[in-house]
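Asks:
Residue numbers (our numbering): -5 to 325.
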């Protein structure tokens, strides 16, 4: 029986569209020693994938035209020729956007299904949670009483960043794009102040919510929001740069020069990749898991149903339709 996969049909010029993707049928490869056959359960769609659709120098290789797109996937083992995994085990790894796959057993990691729902291996207990953990704590280093501002605060990473900052005793201001999201940030996640970037003047709103300036800015979006925050940094502020989604579909690079702003504030602005912290993943997973079990760390998931919805879910990243981690439930 043929399986389905999604390939990159064309490199997008600006925002991706449905024509960026193409579904293909394929036959599952025969299993070899040390390999497992997997059935996809959940597929993660993430903003960084947009950059990999460009044929440009970046921190990872671009997706190839007519080749499968791949990313984080939770899957169930349906056949195994490896001593490490057995049929029925649930694993997580970087896999093709496909209904099924055959991979080396060493390329995936078994999930403990007793800790939390398996979908969290792609979110709060996976790379998303670890991105928030390392970026905020290692670069941002928030101190009790400091003001932390988080852009895309209702998103997968930002919502976790804000909660960890609260755990560390900081005052947290979240920026998001709807009143519903703002309500979620305050009522459910414990943010102190919130800003709707679609209906408020960002500069005025930051002056209102951050009267004592900004000590840590967790950057997820760039653009005009980032510009406004940089003007309000306190001396020796820290700016972990996780993403800049506002410019991912831009066809030209525009914006202010940041050097003088950083000098005036004596601030540190540092980009990072979660992969840089590979040797400490166990530390992060254990601490995040403890906070979840203690009820200190809440998580939200927006789940699309069906393999045919993967492109729709990905495109939804750029219109702010999701709250928390965006996933596709395949089975």
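Built from N, CA and C at the ideal position, the CB exists for glycine as well.
From a predicted model like this one, the values you see are computed outputs, not experimental measurements.
For the alpha helix (DSSP H) that contains residue 105, what are its first and last residues?
Replies: Where residue 105 is concerned, there is no enclosing alpha helix (DSSP H), given that its DSSP letter is neither H nor E.
Asks: For residue 266 versus residue 229, is the C-beta distance shorter than 9 Å?
Replies: no
Asks: Exposed or buried, residue 50, counting other C-beta atoms within 10 Å across all chains shown (16 or more means buried)?
Replies: Label assigned to residue 50: exposed.
Asks: What does the alpha-carbon distance come out to for the pair residue 29 and residue 66?
Replies: 18 Å
Asks: Residue 302 by DSSP, collapsed to three states: which one?
Replies: Residue 302 falls in the helix class under three-state DSSP.
Asks: Go ahead and pull the three-state DSSP assignment for residue 154.
Replies: helix
Asks: Is it the case that the stretch 16 to 24 contacts the stretch 69 to 88, given that we only count it when at least three CB pairs across the two stretches are under 8 Å?
Replies: These segments do not touch.
Asks: Whose C-beta lies closer than 7 Å to the C-beta of residue 135 among residues of the same chain, with five residues either side of it excluded?
Replies: 232
Asks: Classify residue 250: buried if its beta carbon has 16 or more other beta carbons within 10 angstroms, exposed otherwise.
Replies: exposed
Asks: Less than 7 Å between C-beta atoms, sequence neighbours within five positions excluded: which residues of the same chain meet that for residue 175?
Replies: 148 and 317
Asks: My output table needs one value for residue 17: the three-state DSSP class, helix, strand or coil.
Replies: strand
Asks: So, for residue 87: in the same chain, excluding its five sequence neighbours on each side, which residues have a beta-carbon less than 8 Å away from its beta-carbon?
Replies: The residues are 66, 67, 69, 97, 101, 102 and 103.
Asks: Go through its chain and collect everything with a Cβ distance to residue 75's Cβ below 6 Å, but skip five positions before and after it.
Replies: 25, 27 and 29
Asks: Which of helix, strand or coil does DSSP assign to residue 161?
Replies: Here residue 161 carries a helix assignment [DSSP, helix/strand/coil].
Asks: Smallest Cα separation from residue 64: which of 89, -2 and 58?
Replies: 89
Asks: Under a three-way DSSP split, which group does residue 255 fall into?
Replies: helix
Asks: I think residue 91 touches residue 56, with their Cβ atoms under 8 Å apart; what is that distance to the nearest whole Å?
Replies: In fact, because the Cβ distance is near 15 Å, the residues do not count as touching under 8 Å.
Asks: If you count every other CB in all the chains shown that lies within 10 Å of the CB of residue 202, and 16 or more means buried, which is it?
Replies: exposed
Asks: Use the C-beta contact count for residue 38: other C-beta atoms within 10 angstroms, 16 or more gives buried, fewer gives exposed.
Replies: The residue is buried, with at least 16 neighbouring Cβ atoms inside 10 Å.
Asks: In chain order, what are the residue ranges of uninterrupted beta strand (DSSP E) at least 3 long that sit wholly in the stretch 174 to 214?
Replies: 187 to 190 and 208 to 212
Asks: Please tell me whether residue 301 and residue 10 are closer than 9 Å, where the distance is taken between their beta carbons.
Replies: Taking 9 Å as the Cβ cut-off, residue 301 and residue 10 do not qualify as a contacting pair.
Asks: Can you round the beta-carbon distance between residue 152 and residue 168 to whole angstroms, since I take them to be within the 8 Å contact cut?
Replies: 7 Å
Asks: Leaving out the 5 sequence neighbours to the left and right, which residues in its chain are closer than 7 Å to residue -1 when beta-carbon positions are compared?
Replies: 18, 20, 62, 90, 91 and 92
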